[in-house]
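Chemist:
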Ligand SMILES: *[C@@H]1O[C@H](CO)[C@@H](O)[C@H](O)[C@H]1NC(C)=O
Ligand SMILES: *[C@@H]1O[C@H](CO)[C@@H](O)[C@H](O)[C@H]1NC(C)=O
Ligand SMILES: *[C@@H]1O[C@H](CO)[C@@H](O)[C@H](O)[C@H]1NC(C)=O
Ligand SMILES: *[C@@H]1O[C@H](CO)[C@@H](O)[C@H](O)[C@H]1NC(C)=O
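In this note's numbering, the protein residues as written are 656 to 1316.
1) Run through the stretch 1228–1293 for me and flag every whole beta strand (DSSP E) of 3 or more residues, listed as ranges in chain order.
2) Which two residues bound the contiguous beta strand (DSSP E) that contains residue 794?
3) If you reduce the DSSP assignment to three classes, tell me which class residue 1117 lands in.
4) Any heavy atom of ligand 2 closer than 7 Å to the Cβ of residue 978?
5) Measuring only the C-alpha atoms, how far is residue 727 from residue 1205?
6) Under the criterion of a Cβ to heavy atom distance below 7 Å, does residue 873 qualify as lining ligand 1?
7) Would DSSP call residue 808 helix, strand or coil?
8) Between which two residues does the alpha helix (DSSP H) carrying residue 1018 extend?
9) Do you know how far the Cα of residue 876 is from the Cα of residue 826?
10) Relative to the alpha-carbon of residue 1168, which residue among 1161, 1174, 1159 and 1178 has its alpha-carbon at the smallest distance?
11) Starting from residue 831, trace the alpha helix (DSSP H) in both directions and tell me its first and last residue.
12) May I ask you to report which of helix, strand or coil DSSP gives residue 743?
13) Rounding to the nearest angstrom, what Cα-Cα distance links residue 949 and residue 1186 in this structure?
14) Decide if the stretch 1142–1161 is in contact with the stretch 1115–1133; the criterion is three or more beta carbon pairs, one per stretch, under 8 Å apart.
15) Tell me whether residue 827, by its Cβ, gets closer than 7 Å to a heavy atom of ligand 1.
16) I'd like to check one pair, residue 1196 with residue 1070: are the Cβ atoms closer than 8 Å?
17) With distances taken Cα to Cα, identify the nearest neighbour of residue 892 among 1163, 1000 and 705.
18) Using a Cβ-Cβ cut-off of 7 Å (strictly less than) and excluding sequence neighbours within five positions of residue 1023, which residues of its own chain qualify?
19) Could you tell me the distance, in whole angstroms, from the CA atom of residue 898 to the CA atom of residue 904?
20) Between 1268, 1287, 1276 and 1284, which has its C-alpha nearest residue 956's C-alpha?
21) Nearest to residue 1043 by CA position, among 888, 1095, 750 and 740, is which residue?
22) Mark residue 1211 as exposed unless 16 or more other C-beta atoms lie within 10 angstroms of its C-beta, in which case mark it buried.
23) Taking the CB atoms as reference points, tell me whether residue 847 and residue 862 lie closer together than 8 Å.
24) Specify the secondary structure class of residue 1138 as computed by DSSP and reduced to three states.
25) Given a cut-off of 8 Å, decide if residue 994 and residue 1098 are closer than it, judged by their beta-carbon atoms.
26) Roughly how many angstroms separate the alpha carbons of residue 1301 and residue 1064, rounded to a whole number?
27) Would you grab the beta carbon distance between residue 1129 and residue 1265 for me? Rounded to a whole angstrom, and I think it's under 8 Å.
28) Exposed or buried, what is residue 1181 when buried is set at 16 or more other beta-carbons lying within 10 Å of its beta-carbon?
29) Can we say the stretch 1105–1114 touches the stretch 1282–1289, given the rule of at least three CB pairs closer than 8 Å?
30) In terms of residue numbering, what span does the alpha helix (DSSP H) encompassing residue 1201 cover?
31) Touching or not, the stretch 709–729 and the stretch 978–988, by the rule of three or more beta carbon pairs under 8 Å?
32) Answer yes or no: the CB of residue 946 versus the heavy atoms of ligand 6, is any distance below 7 Å?
33) Residue 919 to residue 744, Cα distance in whole Å?
34) Output the boundary residues of the alpha helix (DSSP H) element that contains residue 1318.
35) What are the boundary residues of the alpha helix (DSSP H) that residue 874 is part of?
36) Just checking: is the beta-carbon of residue 989 within a distance shorter than 8 Å of some beta-carbon in chain C?
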């Protein structure tokens, strides 16, 4: 994603020439009319035995097997949608007239620990590609390795922060490159049979990701990466880059001999203006908008952005009349389940201006978070139908039924301060350590220090100072909450009154998502600098991590009458007897304050109805179990539960609640 108001630290204006690379390819041109949907029907229609996807620099078109080809694609991320729903979402996109799907590949999902690989379930990208092929659609693959995507750390695995030198990411640094190569040596052989030239449906493969938005502008790195991609892809698919609408983005982001494309949204007056920037560096070839935004990303504590269908349709029509190919980012957003959402921040002062992204990635996209087509979907479909793309009328405008499963009471289980919840061995250090220092990826770390006589004797009230909190801290004196400090609000100091009887100061720090975009994104979490009380440096510290990857142990603990916050709560519930299918539903945590919810062991993500604007959490029906089996609900609440400890499962999402904190 490009967020154009962030200012580039370094603008290199030398123009990269990418003109000559494709001259050998244009000979294959021999087609008549532009081929759209007709072309997609079957691979077996190909006259020649060789499958090729190339650029024709005379016609300024793509050629697929020698025939003119244009695509209208939609972004759909397998890692944001339950695997059981992939087929449905792909099918609906096809029905809207799209002939291709664009997906990122998320490194952190597939290599959660160095050398440990995951391609199962939600990570089964090959199955995802097969489903797209079964719909006779093509794929634009974006393997990064950095992907932005509003995901934690832009899709990089957290362990890279420990494994590589500072400021080495996305540069020519040998250690960083070594990890990229090891990962691609696992991923790319799996992708090879899916490349168009090898009989698959991947027509294009992106090299890096909006590299021109990143300060190093290190062409030695991008050329190395290009050559690495070439070694796997050969000419079996077309390599391409994507950058923002502006000369400086394209100057640093385009790579010699790699096909350059641009991205821009529905707010531009004229699509041609952005394509002109491409023409500055690439005189010929088809015009492509690789990220056309029919919606926009959203942050906690900020109103949801809205993109109007009229603007989407207006710019679509401009692009179609220019014979451009384009990709909707996103056509269907889905959900940042668990702790997978990322954050933006102010590039010049990364500890301020921090904007963590919502659990929902609804994105105001043509299909909702739950996969239902919106009014925007049907407007887009109409335009594509008029432009002779293959649309289908089988998709109903009526949303799929949702479960209104009612109200359930939870019971308190145990507090973060109780030993039973402290699953990680405490770490002791004179200075506070970051999450990464302790090899902790997600969740919370509780920093505890015992107050000395001198510290207790300090003038009252005293100023507690934490220069960099990443990202939100609750301060406790002897387990009593005395206030919150937050990176979003730019807090670095707080006044606290310590009594001579106080023994313990605790700072509970939440990781709200690693920055995924821009020049600053080595976003180590926790407390980065020494903590002081007036001028006294506090410590030593005992650090207890609550990564919250796993909550099955909660069901083994007997509930209690009452509990001190932050705490775990639980209940079980059975769906109505007459249930024939578990429907999608929404967890409504109204009355609760801030925390994380789990259904049947699956982390639904963070909830924060007071932070807003997202109130409800999407619960796909496939996460639930049929009666008479009972569903397990666990909630970890930080700051305040309602008196009756109830939650509801409702049939309507609320992503536009008020922002009250
Ligand atoms: C790129 O590589 C060349 C040749 O090895 C070297 O002279 C140059 O300094 C490198 N540039 C950067 C930015 O590292
Ligand atoms: C678009 O392609 C058609 C042929 O399909 C051609 O007649 C027309 O001139 C092209 N328009 C532009 C703006 O290139
Ligand atoms: C980022 O921080 C700088 C320095 O504090 C400030 O001048 C600027 O307005 C901020 N930018 C944004 C986009 O908030
Ligand atoms: C506490 O403060 C008083 C007055 O400021 C001072 O006389 C005394 O030495 C202090 N005690 C300690 C343990 O620092």
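The beta-carbon is built from N, C-alpha and C at its ideal position, and this holds for glycine as well.
Modeler: Looking at the atomic coordinates:
1) Unbroken beta strand (DSSP E) runs of no fewer than 3 residues, entirely contained in the stretch 1228–1293, are found at 1240–1243, 1250–1254, 1257–1262, 1272–1274 and 1286–1292, following chain order.
2) As a working mapping, residue 794 is identified with position 139 in the chain shown. Per DSSP, residue 794 belongs to the beta strand (DSSP E) from 793–797.
3) The sequence position of residue 1117 within the chain shown is 462, counting from 1. It is a strand residue.
4) Looking up residue 978 in the chain shown gives position 323. Flag set: Cβ of residue 978 near ligand 2.
5) Taking the chain shown and counting its residues from 1, the one referred to as residue 727 is at position 72. Taking the chain shown and counting its residues from 1, the one referred to as residue 1205 is at position 550. Residue 727 and residue 1205: Cα-Cα distance of roughly 41 Å.
6) For the purposes of this step, residue 873 is taken as residue 218 along the chain shown, with counting starting at 1. Yes, Cβ of residue 873 sits closer than 7 Å to a heavy atom of ligand 1.
7) As a working mapping, residue 808 is identified with position 153 in the chain shown. Note: residue 808 maps to helix in three-state DSSP.
8) For the purposes of this step, residue 1018 is identified with residue 363 of the chain shown, where counting begins at 1. Per DSSP, residue 1018 lies in no alpha helix (DSSP H) and is assigned neither H nor E.
9) Here residue 826 refers to the residue found at position 171 of the chain shown. Here residue 876 refers to the residue found at position 221 of the chain shown. C-alpha separation (whole angstroms): 5 Å.
10) Walking along the chain shown from the start, residue 1168 turns up at place 513. Cα-wise, what sits closest to residue 1168 is 1178.
11) Within the chain shown, numbered from 1, the residue matching residue 831 stands at position 176. Segment 829–846, the alpha helix (DSSP H) holding residue 831.
12) Start at 1 with the first residue of the chain shown, and residue 743 comes out as number 88. Three-state result, residue 743: helix.
13) Along the chain shown, read from residue 1 onward, the residue named residue 949 stands at position 294. Along the chain shown, read from residue 1 onward, the residue named residue 1186 stands at position 531. If I take the Cα positions, the gap works out to 44 Å.
14) yes
15) Counting from 1 along the chain shown, the entry for residue 827 is found at position 172. Answer for residue 827: yes, Cβ within range of ligand 1.
16) Your numbering for residue 1070 matches position 415 in the chain shown. Your numbering for residue 1196 matches position 541 in the chain shown. No.
17) Residue 892 sits at position 237 when you count from the first residue of the chain shown. Residue 705 is the option with its Cα nearest to residue 892.
18) On the chain shown, position 368 is the one that residue 1023 refers to. Once the five neighbours on either side are set aside, the close Cβ partners of residue 1023 are 1017 and 1029.
19) Residue 898 sits at position 243 when you count from the first residue of the chain shown. Residue 904 sits at position 249 when you count from the first residue of the chain shown. If I take the Cα positions, the gap works out to 6 Å.
20) Here residue 956 refers to the residue found at position 301 when the chain shown is read from its first residue. That would be 1268, whose Cα lies nearest to the Cα of residue 956.
21) As a position in the chain shown, residue 1043 is number 388, starting the count at 1. Selected option, being the one with the closest Cα: 750.
22) Taking the first residue of the chain shown as position 1, residue 1211 is located at position 556. So residue 1211 ends up on the exposed side.
23) Counting from one through the chain shown, the residue named residue 847 turns up at place 192. Counting from one through the chain shown, the residue named residue 862 turns up at place 207. No.
24) As a working note, residue 1138 is residue 483 in the chain shown. Strand, per DSSP.
25) Your numbering for residue 1098 matches position 443 in the chain shown. Your numbering for residue 994 matches position 339 in the chain shown. Their beta carbons are under 8 Å apart, which means residue 1098 touches residue 994 by this criterion.
26) Taking the first residue of the chain shown as 1, we reach residue 1301 at position 646. Taking the first residue of the chain shown as 1, we reach residue 1064 at position 409. Rounded to whole angstroms, the gap between the alpha carbons of residue 1301 and residue 1064 is 4 Å.
27) Residue numbering aside, residue 1129 sits at position 474 when the chain shown is read from its first letter. Residue numbering aside, residue 1265 sits at position 610 when the chain shown is read from its first letter. Actually they do not touch by this definition, with Cβ atoms about 14 Å apart.
28) In the chain shown, residue 1181 corresponds to position 526, counting from 1. By the neighbour-count rule (16 or more Cβ atoms within 10 Å), residue 1181 is buried.
29) Here the stretch 1105–1114 does not lie against the stretch 1282–1289, with fewer than 3 beta-carbon pairs under 8 Å apart.
30) Against the chain shown, residue 1201 aligns to sequence position 546. Run containing residue 1201: none in the alpha helix (DSSP H); it sits in the beta strand (DSSP E), 1196–1201.
31) yes
32) Ligand 6 is not part of this structure, which contains only ligand 1, ligand 2, ligand 3 and ligand 4.
33) Indexing the chain shown from 1 puts residue 919 at position 264. Indexing the chain shown from 1 puts residue 744 at position 89. Computed Cα separation, rounded: 24 Å.
34) Outside the displayed span of the chain (656 to 1316) sits residue 1318, for which this structure offers no information.
35) Working through the chain shown from its first residue, we reach residue 874 at position 219. It spans 874–888 - the alpha helix (DSSP H) in which residue 874 sits, taken as one unbroken run.
36) Given the protein chain composition of this structure (a single chain), no chain C is represented.
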